[in-house]
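Asker: At the far end of the sequence shown sits residue 436, using this note's numbering, and the numbering has no gaps.
For glycine and all other residues, C-beta sits at the position ideal for the given N, C-alpha and C.
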Amino acid sequence: MRILGAGDMIFGGRKLRERFDPRVLELLDGADLVFANAEFTIPRPSTPAYPEGYTLGTHRWAAAELRSLGIELVSGANNHTGDYGHLGVLDTIDAFAAEGIELAGVGRSLAEARSATYADSPHGRVGLVATSTTGADGFRAADAGRKVAARPGLNPLRWSARYELTDEQFEQVLAIQRALGIDATHRETDRIEIRENLDPDRTSFGGASLRRAEQARVRFDVHRQDLEEICAAIEDATATADVVLVSMHAHEGEDEGWYSEQPAEFLVEAAHAMVEAGASAVFGHGPHMLRGIEVHRGAPIFYSLNGLTFDLETGPLMPAEMLEKYGHPTTAFPSRLHLGRRYGADGQPVGFSSEARFSDGLLAELEFAEGRLPTAIRLHPIDMRLGADTLGERGMPRLAAGEDATRILGDVLRMSKPFGTEIAVRGDIGTID
4 MRILGAGDMI FGGRKLRERF DPRVLELLDG ADLVFANAEF TIPRPSTPAY PEGYTLGTHR
64 WAAAELRSLG IELVSGANNH TGDYGHLGVL DTIDAFAAEG IELAGVGRSL AEARSATYAD
124 SPHGRVGLVA TSTTGADGFR AADAGRKVAA RPGLNPLRWS ARYELTDEQF EQVLAIQRAL
184 GIDATHRETD RIEIRENLDP DRTSFGGASL RRAEQARVRF DVHRQDLEEI CAAIEDATAT
244 ADVVLVSMHA HEGEDEGWYS EQPAEFLVEA AHAMVEAGAS AVFGHGPHML RGIEVHRGAP
304 IFYSLNGLTF DLETGPLMPA EMLEKYGHPT TAFPSRLHLG RRYGADGQPV GFSSEARFSD
364 GLLAELEFAE GRLPTAIRLH PIDMRLGADT LGERGMPRLA AGEDATRILG DVLRMSKPFG
424 TEIAVRGDIG TID
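1) Could you please give me the residues that DSSP links to Arg215 through a beta bridge?
2) When the distance is taken between beta carbons, is Leu308 closer than 8 Å to Gly10?
3) Between which two residues does the beta strand (DSSP E) containing Ile13 stretch?
4) Ala66: which of Thr84, Thr44, Ala427, Ala52 sits nearest, CA to CA?
5) Ignoring anything shorter than 4 residues, give me the alpha helix (DSSP H) runs that lie fully in the region 245-295, in order along the chain.
6) Once you ignore the five residues that flank Asp140 on each side, which residues in its own chain have a CB closer than 8 Å to its CB?
7) In chain order, what are the residue ranges of uninterrupted beta strand (DSSP E) at least 3 long that sit wholly in the region 373-427?
8) If we call anything under 8 Å between Cβ atoms a contact, is Glu297 one with Phe422?
9) On the three-pair Cβ rule with 8 Å, is the region 369-389 touching the region 304-320?
10) So what does DSSP say about Ala34, is it helix, strand or coil?
11) Arg222 bridges to which residues according to DSSP?
12) Near Gly281, which residues of its chain fall below 6 Å by C-beta distance, leaving aside the five closest residues on each side in sequence?
13) Do the region 131-149 and the region 69-83 touch if we need at least three Cβ pairs shorter than 8 Å?
14) Since I believe Leu369 is in contact with Ala284 (beta carbons under 8 Å), could you give me their beta-carbon distance rounded to a whole number of angstroms?
15) Taking contact to mean at least 3 C-beta pairs separated by less than 8 Å, is the region 250-259 in contact with the region 196-214?
16) Count the other C-beta atoms from every protein chain shown that fall within 10 angstroms of the C-beta of Leu7, then say buried if there are 16 or more, exposed otherwise.
17) Which first and last residues belong to the beta strand (DSSP E) in which Val132 is found?
18) Quick check on the burial criterion: 16 or more other C-beta atoms within 10 angstroms. Buried or exposed for Phe336?
19) Does Leu365 come out as helix, strand or coil in the three-state DSSP assignment?
20) Residues bridged to Glu370 by DSSP?
21) Would Pro290 and Gly256 qualify as a contact pair, given that the criterion is a beta-carbon distance under 8 Å?
22) Between the Cα of Glu68 and the Cα atoms of Asp146, Tyr57, Gly16, Arg26, which residue gives the shortest distance?
23) Taking DSSP as the reference, what is the three-state secondary structure of Arg17?
24) Thinking Met12 and Leu311 are a contact (beta carbons under 8 Å), I'd like their distance in whole angstroms, please.
25) Which residues mark the beginning and the end of the alpha helix (DSSP H) in which Ser307 is found?
26) Mapping DSSP to helix, strand and coil, what is Arg339?
27) Do Asp35 and Ser124 come within 8 Å of each other at the CB atom, strictly closer than that value?
28) Name the DSSP beta bridge partners of Asp123, please?
29) With three or more C-beta pairs closer than 8 Å as the rule, is the region 340-357 touching the region 318-331?
30) Would you kindly report the start and end of the unbroken beta strand (DSSP E) that includes Ile195?
31) Which same chain residues end up closer than 7 Å to His3 when comparing Cβ atoms and leaving out the 5 residues on each side of it in sequence?
32) Whose C-beta lies closer than 6 Å to the C-beta of Arg70 among residues of the same chain, with five residues either side of it excluded?
33) Does the beta carbon of Ala116 come closer than 8 Å to any beta carbon on chain C?
34) Hey, Leu293 and Gly364 are a contact pair by Cβ (cut 8 Å); roughly how many whole angstroms apart?
35) Between Ala408 and Asp431, which are expected to be in contact by the criterion C-beta below 8 Å, what is the C-beta distance as a whole number of angstroms?
36) With DSSP as the reference, label Glu154 as helix, strand or coil.
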């Protein structure tokens with residue numbers, strides 16, 4: 004069985020199949036099953052946007068575009084799941100269901116969002132468990148409570164950050180709290196809310212949790228119950244599928260950097276636990292750039308494949324708050340925002356358009372001959388052409404070749420070195436033996 008793993012899909016236009024590089028289509032068509040993350044919402048016209056900021060809503064034909072590419076394993080869990088609120092989650096589930104695709108990682112309740120979805124091929128059955136760390140708190144699903152309905156949302160993998168400071172730094176924070184007058188008011192609030200902090204080596208400032216330590220650093224703690232329940236869903240899926248995949252949408256990187264090359268340490272811990280629960284592979288995505296690859300107990304962990312499409316400029320839906328957030332009048336045309344995020348005042352590319360790494364991606368080809376672990380792993384570098392002149396090409400993938408392929412695979416190899424992963428490059432393809 005051949006499975007092809009892609010990353011995020013963001014697009015506003017149509018006819019993707021006609022705009023893709025034919026060599027990419029050949030890979031998609033040659034796979035038994037294809038995975039991708041749908042990083043968008045498909046709201047009904049009557050569903051209002053959630054005032055979150057940058058929203059990714061699109062038309063109802065978007066699900067059919069994925070179907071046209073042969074993508075049947077689809078995650079809906081990411082930091083744009085809730086762009087149109089809880090109603091938008093239901094709208095998106097329904098839109099994909101109309102195309103015969105059951106979204107993983109989202110649901111009408113937490114139990115549904117936690118559960119695996121399945122796709123069948125002549126060579127085997129594949130289960131998909133999907134989760135998101137980014138947006139996990141704000142968009143998480145919930146089961147019904149006492150006289151309270153279940154809440155639609157995503158399958159969360161929550162986490163928390165704590166900032167460790169030296170004695171001198173910690174005392175400086177305490178002094179600032181006293182100088183601002185917030186030390187006494189915070190203590191009174193905590194006492195009344197029955198959450199009083201009695202630990203002299205712990206405090207909070209501006210919502211951040213601070214601890215006294217030997218050296219300054221940022222530490223991350225994964226939400227234990229979330230991880231345990233996700234692993235339980237993976238283990239359950241192994242009983243009804245030949246192969247179980249995990250989708251993990253995670254922007255978080257080292258030292259809180261969304262665009263750090265190395266993943267946050269809690270993501271490594273979580274991915275290991277997922278493999279140990281029975282995952283055959285973990286497909287990571289989110290930061291709109293590549294990250295390294297690790298092989299844990301024979302299962303590949305792709306900390307970020309980046310994306311398959313990255314078309315931000317033809318998005319048809321734009322809430323007023325989104326324009327306001329980026330300094331435009333609420334009556335402005337969408338092109339004002341799109342151009343401002345593509346070009347600076349000097350006319351030069353900015354943001355995602357300014358660096359090749361945001362165009363670079365991978366298609367991960369996994370071969371399964373027997374058992375739950377892949378017997379072959381091939382890496383196909385792609386270029387999403389964010390610097391292309393026309394909107395029809397921009398954000399659409401082509402297979403990288405020559406110097407571009409060598410550069411992309413070299414970057415992946417460098418980022419994978421900390422995990423002890425060796426990648427052999429043969430022509431324009433990387434392999435992990």
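Answerer: To lay it out plainly:
1) Arg215 is bridged to Leu168.
2) The answer is yes: Cβ separation under 8 Å.
3) 5-13 is the span of the beta strand (DSSP E), which, as asked, contains Ile13.
4) The shortest C-alpha separation from Ala66 is found at Thr44.
5) Within the region 245-295, the runs of alpha helix (DSSP H) that reach at least 4 residues and sit entirely inside it are, in chain order, 268-279.
6) Here Asp140 has Pro159, Arg161 as same chain residues with Cβ atoms under 8 Å from its own Cβ, once five neighbours each way along the sequence are excluded.
7) Complete beta strand (DSSP E) runs here, min 3: 379-386.
8) Contact flag set, yes.
9) Contact between the region 369-389 and the region 304-320 is present: three or more C-beta pairs spanning the two stretches fall below 8 Å.
10) Three-state result, Ala34: coil.
11) Within the DSSP bridge table, the entry for Arg222 names Arg165 as partners.
12) Correct list, in chain order: Ile237, Glu238, Thr241, Val247.
13) Under the Cβ criterion (8 Å, minimum of three pairs), the region 131-149 counts as touching the region 69-83.
14) Their Cβ separation, rounded to whole angstroms, is 6 Å, which keeps Ala284 and Leu369 in contact under 8 Å.
15) Flag = no, the region 250-259 and the region 196-214 do not touch.
16) Classification for Leu7: buried.
17) That run of the beta strand (DSSP E) goes 127-135.
18) Answer is exposed; the Cβ neighbour count stays below 16.
19) Taken through DSSP and simplified to helix, strand or coil, Leu365 comes out as strand.
20) Answer by DSSP bridge pairing, in chain order: Arg5, Ala379.
21) A distance below 8 Å separates the beta carbons of Pro290 and Gly256.
22) Closest by C-alpha distance to Glu68, out of Asp146, Tyr57, Gly16, Arg26, is Gly16.
23) It is coil, neither helix nor strand.
24) Between Leu311 and Met12 the Cβ distance is about 5 Å, and since that is below 8 Å, they are a contact.
25) For Ser307, no alpha helix (DSSP H) encloses it, and the DSSP letter there is neither H nor E.
26) In the structure shown, the three-state DSSP call for Arg339 is helix.
27) Yes, the Cβ-Cβ distance between Ser124 and Asp35 is below 8 Å.
28) Under DSSP, the beta-bridge partners assigned to Asp123 are Arg128.
29) Touching, yes, given that three or more Cβ pairs across the two stretches are closer than 8 Å.
30) Boundaries around Ile195 are those of the alpha helix (DSSP H), 185-195, since no beta strand (DSSP E) includes it.
31) Residue 3 is absent from the structure shown; the chain starts at 4 and stops at 436.
32) Answer for Arg70: Glu102, listed in chain order.
33) Structure shown: chain C not included; a single protein chain is present.
34) Contact flag correct, Cβ pair sits at about 7 Å.
35) Taking a contact as a CB-CB distance under 8 Å, the pair Ala408 and Asp431 counts as one, their CB atoms being some 4 Å apart.
36) Correcting the residue type first, residue 154 is Arg in the shown sequence and not Glu. In the structure shown, Arg154 sits in a strand (DSSP, three-state: E or B).
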